[in-house]
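Just below is one structure, and these are the notes that go with it.
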Amino acid sequence: MTASESSTRQAELAGFDRLLPALKEAYRRQRGKAWTSEELGAFAGLPAAEVARTLERFAAELGLAELLFGDDEGLVGAIQLSAAVEDTASFEAVHAGLAAQAPLRGPSHITELEVDGHRMLQRLVLRPGALTVLTGAPGSGKSSILDCLERLSLAMAGPVPSQGDSQVPERLHLSLRLESGAGQRVLYTVSLGGTRAVPRVTSERLEAGEGFAVLDFQNGQGVVRTATAEPPRPRVLATPRTVLAGELALRGALEAPVPGVVTSVRSLLEGWRFHRGFDVSAGAASRRPALSEPEPVLAADGANLSAVLFELWAAHPERWRELESHLRAALPSFEGLSVRPQGGLGTVMGVWREAGVREPLTLGELSDGTLLLLCLAVVCLSPRPAPLLVLDGLEVGLHPQVLPTLGALLQRAAMETQVLVATASSELIACLPTDARVLLTKASGRAVASRG
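Next up, the structure:
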């Protein structure tokens with residue numbers, strides 16, 4: 001199509017969009033009537049000649065006419081509208097919908113989070129960056145924010161998690177603004193009712209682009225909207241769906257074909273990774289040999305640490321060297337890491353070499369603090385970073401001398417993914433950029449967030 005033809009086509013589409021509201025109004029006023037171009041022009045505020053040309057171009061193509069009547073110039077003089085006009089959308093709306101419903105492209109991140117109704121979190125708004133460090137006194141709301149995010153992520157794989165046996169009413173509202181690497185914007189909102197023991201989803205909405213509501217649900221009943229420019233006419237289809245009371249439509253509606261953006265957002269939220277305390281106690285799985293596996297991700301408690309170390313060593317030598325470099329910066333006595341077979345077929349064990357110690361140490365022989373630092377380093381250097389990495393209380397059990405290294409690791413992770421950290425350690429906070437810090441305080445029983 002030449003530039004001139006493209007310009008003509010755009011002008012024709014714009015002309016149809018101007019006329020469409022008048023066609024809908026005419027059909028609703030009097031079905032079966034033959035409306036003249038002059039009458040439709042009066043509704044639309046358009047010249048009759050423009051109406052006639054537009055009807056000539058689109059009425060038959062889009063199936064909008066039961067009957068067409070010609071005028072003296074061979075154009076459409078009058079039209080008896082068909083019911084198809086009711087579900088015909090403007091070309092502008094369809095094109096916007098087509099763009100909005102496309103899968104998210106590139107890494108996506110949270111640009112704004114609002115939480116209302118969870119403990120001290122009342123209309124709390126955060127705008128996370130690549131690295132966000134939540135600080136504040138105990139009870140200021142740091143962990144509560146992470147609880148809400150983790151609960152949402154878990155609801156991508158099953159029912160909305162309960163909050164215990166309490167019969168206290170549930171009144172939680174979450175709002176997430178997301179942006180993809182390609183600049184696509186999404187707004188996802190969820191409200192919960194029922195009780196904390198048996199929560200139910202009272203409302204849920206996913207908007208993409210400029211307010212195109214792809215999902216719109218109330219109390220388990222709603223629609224999935226899709227835009228289509230396929231024949232016979234441009235339409236925005238609203239397909240009714242029903243989901244269980246305690247289940248999110250973002251998950252439940254995927255049983256049938258849905259727009260790509262729905263699948264993208266679900267995968268994004270489901271892929272968030274939470275580490276809220278590695279188990280480094282005596283006899284913990286993190287200290288034992290692990291079965292090697294393809295492309296492992298460190299478990300929330302660190303149980304498969306040796307398997308992750310083996311994959312780093314075997315498949316990502318540059319990350320392995322980076323890991324050793326960070327450990328050497330934190331612990332001057334550290335000499336190197338390796339992984340060796342131990343136990344049954346395919347089972348491996350991480351091995352630590354330290355100056356002044358004749359024999360290599362297995363992970364089972366490391367101090368709690370050293371093993372914890374190793375877990376954190378592996379998470380931050382993952383070759384498959386999560387869309388969001390959440391770390392809570394990570395400094396507990398670490399010697400202050402290793403916190404600068406941990407700070408460097410967190411900033412390294414934030415180069416590849418969005419990182420959200422909750423900490424009360426002033427030593428760790430001092431190792432992180434000022435503009436990454438969000439201080440939470442309480443005022444009149446509510447959490448208040450301030451930058452820096």
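Just so you know, we're using UniProt numbering here: the sequence shown kicks off at 1 and counts up by one.
For glycine and all other residues, C-beta sits at the position ideal for the given N, C-alpha and C.
The structure displayed is predicted, hence computed values, not measured ones.
Nearest to valine 438 (by Cα), restricted to the options Phe91, Gly41, Arg127 and Ala26 = One-based indexing of the sequence shown puts residue 438 at position 438. The shortest Cα separation from valine 438 among Phe91, Gly41, Arg127 and Ala26 belongs to Arg127.
Valine 258 - DSSP class collapsed to helix/strand/coil = Taking the sequence shown and counting its residues from 1, one reaches residue 258 at position 258. In the structure shown, the three-state DSSP call for valine 258 is coil.
How many angstroms separate the CA atom of proline 107 from the CA atom of alanine 436?
-> What you label residue 107 is simply residue 107 of the sequence shown in a count that begins at 1. What you label residue 436 is simply residue 436 of the sequence shown in a count that begins at 1. Taking the straight line from one Cα to the other gives about 20 Å.
Tell me whether the beta-carbon of glycine 343 lies closer than 9 Å to the beta-carbon of proline 289.
-> Stepping through the sequence shown from its first residue, residue 343 is reached at position 343. Stepping through the sequence shown from its first residue, residue 289 is reached at position 289. Contact flag set, yes.
Specify, as a first and last residue, the run of the beta strand (DSSP E) that leucine 68 falls within.
-> Within the sequence shown, residue 68 is the residue found at index 68, counting from 1. Element bounds for leucine 68: 65–70.
Using beta-carbon positions only, say whether aspartate 147 and histidine 173 come within less than 9 Å of one another.
-> The count along the sequence shown starts at 1 and reaches residue 147 at position 147. The count along the sequence shown starts at 1 and reaches residue 173 at position 173. Not a contact, by the Cβ cut-off of 9 Å.
Any chance you could list the alpha helix (DSSP H) runs of at least 4 consecutive residues sitting entirely within the segment 238–320, in chain order?
-> 249–252, 260–270 and 305–315
First through last residue of the alpha helix (DSSP H) which encompasses glycine 369 | Here residue 369 refers to the residue found at position 369 of the sequence shown. Residues 368–380.
Lysine 142 (DSSP reduced to helix, strand or coil) = Walking along the sequence shown from the start, residue 142 turns up at place 142. Three-state DSSP puts lysine 142 in a helix.
Under the three-state reduction of DSSP, which class applies to serine 162: helix, strand or coil?
-> One-based indexing of the sequence shown puts residue 162 at position 162. If DSSP states are grouped into helix, strand and coil, serine 162 belongs with coil.
Contact set for leucine 298: own chain, Cβ-Cβ below 6 Å, skip 5 residues either direction | Counted from its first residue, the sequence shown places residue 298 at position 298. Within the same chain, leucine 298 has close Cβ partners Val308, Val378 and Val379.
Quick one, are the C-beta atoms of valine 390 and valine 421 less than 9 Å apart?
-> One-based indexing of the sequence shown puts residue 390 at position 390. One-based indexing of the sequence shown puts residue 421 at position 421. Their beta carbons are under 9 Å apart, which means valine 390 touches valine 421 by this criterion.
Presumed contact (8 Å Cβ cut-off) between valine 265 and tyrosine 188, rounded CB distance | In the sequence shown, residue 265 corresponds to position 265, counting from 1. In the sequence shown, residue 188 corresponds to position 188, counting from 1. Their Cβ separation, rounded to whole angstroms, is 6 Å, which keeps valine 265 and tyrosine 188 in contact under 8 Å.
Three-state secondary structure (DSSP) of threonine 405 = Mapped onto the sequence shown, residue 405 falls at position 405. DSSP places threonine 405 in helix when its eight states are reduced to three.
Count the other C-beta atoms from every protein chain shown that fall within 10 angstroms of the C-beta of arginine 235, then say buried if there are 16 or more, exposed otherwise.
-> Within the sequence shown, numbered from 1, the residue matching residue 235 stands at position 235. Buried.
Count the other CB atoms, across all protein chains shown, that sit within 10 Å of the CB of asparagine 219; report buried if there are 16 or more and exposed otherwise.
-> On the sequence shown, residue 219 is found 219 positions in, with the first residue counted as 1. Looking at its Cβ environment, which holds fewer than 16 other Cβ atoms inside 10 Å, asparagine 219 is exposed.
Does the beta carbon of proline 433 sit closer than 9 Å to a beta carbon anywhere in chain D?
-> The question asks about chain D, but that chain is absent: this structure has only one protein chain.
Proximal residues to serine 338 (C-beta, below 6 Å), its chain only, five neighbours per side dropped | Residue mapping note: residue 338 aligns to position 338 of the sequence shown, counting from 1. Excluding positions up to five away in sequence, the list reads Val351.
Residues in its own chain within less than 7 Å of valine 223 by CB, not counting five upstream and five downstream?
-> On the sequence shown, position 223 is the one that residue 223 refers to. Correct list, in chain order: Asp216, Ala238, Thr239, Pro240 and Arg241.
With a cut-off of 8 Å on the beta carbons, I'd call glutamate 270 and methionine 156 a contact; round off their distance for me.
-> Sequence index remark: in the sequence shown, residue 270 carries index 270 (1-based). Sequence index remark: in the sequence shown, residue 156 carries index 156 (1-based). Indeed, because the Cβ distance is near 4 Å, the residues count as touching under 8 Å.
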